[in-house]
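Numbering (this note's numbering), first residue to last: 137 to 202.
Quick reminder that beta carbons are idealized off the backbone N, C-alpha and C, glycines included.
Structure first, commentary second.
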């Protein structure tokens, strides 16, 4: 299992329809979903924060850069 984890949930994330701690069977699907989430968070949220994504083992971590 591969997991997508949003490290710190900002207010925009909490108000969105996005879900944290998503588990997927396929690494490729998890990577694509994590990139989509990161891009949506950077492009559609209020722009108070920037978000980056990194891979750690079987996890894709989306982190907030304040």
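Residue 173 and residue 157 have their C-alpha atoms some 12 Å from each other. For residue 137, the number of other beta carbons within 10 angstroms of its own is below 16, and it is reported as exposed. Taking a C-beta distance under 9 Å as the contact criterion, residue 163 and residue 194 qualify as a contact pair. In summary, residue 202 is exposed, with fewer than 16 beta-carbon neighbours lying within 10 Å of its beta-carbon over all protein chains present. In the three-state reduction of the DSSP assignment, residue 199 falls in the strand class.
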